[in-house]
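For the working numbering, add 61 to where a residue sits in the sequence shown, where the first one is 1. Right, one structure below, let's go through it.
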Amino acid sequence: MKRFLLPLLSLLTFGCSQNESSTQKSKEEVPKPNILFIMSDDHAMKAISAYSKELIRTPNIDRIAQEGALMRNAFVTNSICAPSRAAILTGKYSHLNGLRDNRDEFDGSQMIFPKLLKTTGYQTYLIGKWHLKSKPQGFDFWKILIDQGEYYNPRLVSESDTTVVNGYTTDVITDEGLSVLQSRDKSKPFVMLLQHKAPHRNWQPNIKHLRLFEEDLPIPATLYDDYKGRQALAEQDQQITNMWLSNDLKLTPDYYEEETGTGGAVGNANPEASYKAMLDRMTPDQRVPWDAYYDSVGLAFKSANLSGKELWNWKYQRYIKDYLKCIVSVDENVGRVLDYLEAEGLAENTIVVYTSDQGFYLGEHGMYDKRFMYEESFRTPMLIKYPKGIRSGMSIEELVMNIDFAPTFLDYAGVEIPKEMQGLSMRPLFETRGERPEWRESVYYHYYEYPHGWHKVKRHYGIRNYRYKLIHFYHDVDTWELYDLQQDPQEMNNLIDDPKYGDVVEELKARLMEKQIELNEQPEIIDLTRGEEFIGGDRL
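Structure (structure tokens):
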């Protein structure tokens with residue numbers, strides 16, 4: 062009997078071993094998804110035609126939504142360039158990743174999602190705008206712009222050198238990214254952060270697009286907002302009326318008597334010198350069509366002799382047209398990358414994201430720039446496609462945030478999400494086919510850059526759910542604002558003192574306190590009545 066059992070056991074063991082080997086082999090053969098994260102700078106949702114067709118058509122960016130998901134309620138934790146980038150990398154709010162405003166330097170030693178992916182076999186690449194002051198860590202290869210970068214003939218820094226590349230920067234960044242992808246190890250998955258400067262201020266279009274948008278564009282309904290009942294909004298300095306004629310609107314001193322704009326600057330600023338330095342970077346071939354176009358603009362401006370609302374409207378049209386021209390280039394280059402993925406057979410197994418580091422004001426409330434918790438800058442575009450895991454044409458209404466990118470990428474790559482990450486993986490939102498998964502009911506925001514930052518936007522924090530938004534402005538003010546987004550989507554009526562909303566205010570303040578405790582944040586606030594600091598949660 063024993064003689065019979067031994068061969069049988071051997072056979073069973075061999076069979077089990079074979080099955081385990083096959084299972085292991087099967088698991089190993091399932092390829093991890095590539096990840097292509099495309100981020101622009103200051104791209105408003107309204108300037109993507111998948112969201113709105115009022116201003117522009119962006120057929121290539123729209124392809125991502127058509128082939129995947131459009132996130133309709135995507136938000137940032139802190140609407141300013143460097144803090145947003147740090148939040149995306151770490152999956153953590155500003156107070157925990159250590160980068161609260163643009164003065165701070167990013168601590169590259171902390172955990173970021175490319176580092177975690179790299180440990181599991183991913184090739185990791187960073188191309189384009191970095192803007193975090195410290196040297197990038199966790200990337201096999203990186204080539205970045207210096208600080209904000211230039212629109213023409215950019216300086217690109219890598220581990221080994223600094224080079225100047227002739228061309229329009231949006232094209233150059235894409236060229237560099239495609240070159241890296243072409244030379245990668247094709248046996249391994251990759252994650253690439255392809256990060257554009259455009260359409261950041263001062264909105265310099267590609268010369269081939271200078272004559273687009275010749276007709277005037279619609280004026281936002283809130284362009285002439287009088288800021289009644291909103292003290293912090295009334296005290297900001299990012300109004301279109303205060304734009305620089307030179308560096309923002311691209312006029313040379315030949316066409317105006319004096320520079321009248323503040324530009325929102327803090328400290329000494331010389332916009333005319335800045336604009337001249339930009340022009341001096343251009344090659345003769347670039348400069349000739351540039352001068353021809355903007356000289357014609359300057360001559361028309363000088364002869365019109367505008368003032369009052371006519372001048373206000375002229376500044377808006379000049380700003381919005383140059384802004385949109387920059388986006389045309391971004392859209393073209395998104396198309397180039399999508400076409401490359403298709404041609405190389407990579408599209409099916411590549412997660413492609415298009416987003417911005419935050420939203421932007423396109424004349425709403427009379428403003429440009431970002432920073433405020435109002436919808437136009439608090440919201441960010443977010444489009445994601447992944448044919449193997451996301452159905453085409455999805456429209457997601459849940460409240461998602463920029464801190465959700467890191468855990469989402471790790472989840473799809475089969476990497477454990479660190480407990481320190483405060484974001485959520487969005488994967489359940491894409492895989493549901495019936496009842497919606499459990500998800501957050503509100504989002505939290507905190508902006509810190511005052512009084513040292515540009516544009517005089519007061520420090521503030523707040524909470525938003527699907528209907529209401531509560532904001533507290535602090536430091537050298539102490540004001541609250543409440544908006545009913547269902548009744549007042551443009552946020553013109555501050556309801557904080559309306560007794561009909563007393564219960565709403567009380568409930569939101571309680572939830573705000575809970576959220577700050579949950580996130581381990583205790584904002585320092587100046588108590589104007591006592592002249593001393595106290596913890597915000599105690600005030601609520």
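Quick reminder that beta carbons are idealized off the backbone N, C-alpha and C, glycines included.
If you look at Trp541, you'll find it in the beta strand (DSSP E) that goes Thr540 to Asp545. DSSP lists Ile205 and Thr223 as the beta-bridge partner residues of Val218.
The criterion of a C-beta distance shorter than 8 Å is not satisfied by Tyr529 and His521.
Lys530 has Arg525 and Tyr544 as its beta-bridge partners, per DSSP. Fewer than three pairs of CB atoms, one per stretch, sit closer than 8 Å, so the stretch 109-117 makes no contact with the stretch 255-273. For Ala404, the uninterrupted alpha helix (DSSP H) segment begins and ends at Gly369 to Ala404.
Counting every other CB atom within 10 Å of its CB across the protein chains shown gives Arg146 a total of 16 or more, marking it as buried.
For Ile188 against Pro197, the beta-carbon gap comes to about 11 Å, at or over 8 Å, which does not count as contact. Collapsing the DSSP output to three states places Arg572 in a helix.
Taking the Cα positions, Glu220 is about 10 Å away from Asp201. Of the other Cβ atoms in all chains shown, 16 or more fall within 10 Å of the Cβ of Ser417; this residue is therefore buried.
Pairing Asp162 with Gly514 gives a Cβ-Cβ distance under 8 Å.
Residue burial is scored here from C-beta neighbours: Pro215 has at least 16 other C-beta atoms within 10 angstroms and is therefore classed as buried. The DSSP-derived three-state label of Thr323 is coil. Non-local beta-carbon contacts of Ile478 in its own chain, meaning distances under 6 Å to residues more than five positions away in sequence, involve Pro468 and Leu471 in chain order. One thing to note: Arg432 has its Cβ no nearer than 8 Å to the Cβ of His533.
Around the CB of Leu312, 16 or more other CB atoms lie within 10 Å, so the residue is classed as buried. Following the DSSP letters along the chain, one finds Ala361 inside the alpha helix (DSSP H) bounded by residues Pro345 to Ala365. Separation of the CB atoms of Leu573 and Leu531 is rounded to 6 Å, and the pair is thereby assigned contact status at 8 Å. Between Asn308 and Pro332, the CB-CB gap stays under 8 Å. Beyond the five residues adjoining it in sequence on each side, Leu399 comes within less than 8 Å, by CB distance, of Asn121, Arg124, Ile125, Ala408 and Val413 in the same chain, given in chain order.
For Thr411, the secondary structure class from DSSP, reduced to helix, strand or coil, is strand. Non-local C-beta neighbours of Glu437 in its own chain, meaning closer than 6 Å and more than five positions away in sequence, comprise Gly420, Tyr422 and Glu425, ordered along the chain.
Unbroken alpha helix (DSSP H) stretches of 4 residues or longer found wholly inside the stretch 428-477: 436-439 and 466-473, given in chain order. Residue environment analysis places Leu543 among the buried positions, since at least 16 neighbouring C-beta atoms fall within 10 angstroms of its C-beta.
In this structure, Ile524 sits near Tyr505, with a CB-CB distance shorter than 8 Å.
Where Thr185 is concerned, the enclosing beta strand (DSSP E) starts and stops at Gln184 to Gly189. Pairing Pro489 with Phe251, the inter-Cα distance amounts to about 23 Å.
The beta carbons of Arg342 and Glu211 sit closer together than 8 Å.
Listed in chain order, the alpha helix (DSSP H) elements of length 4 or more contained wholly in the stretch 239-319 are 292-295.
Within the stretch 144-179, no run of beta strand (DSSP E) at least 3 residues long lies entirely inside it.
Take the alpha-carbon of Tyr316 and the one of Asp430: they are about 25 Å apart. Excluding five sequence positions before and after Leu254, the CB atoms of its chain that fall closer than 6 Å to its own CB belong to Phe98 and Leu187, given in chain order. Between the alpha carbons of Ile301 and Lys519 lies a gap of roughly 18 Å. In this chain, the beta strand (DSSP E) harbouring Ile99 covers Asn95 to Ser101. Taking a C-beta distance under 8 Å as the contact criterion, Tyr415 and Val395 qualify as a contact pair.
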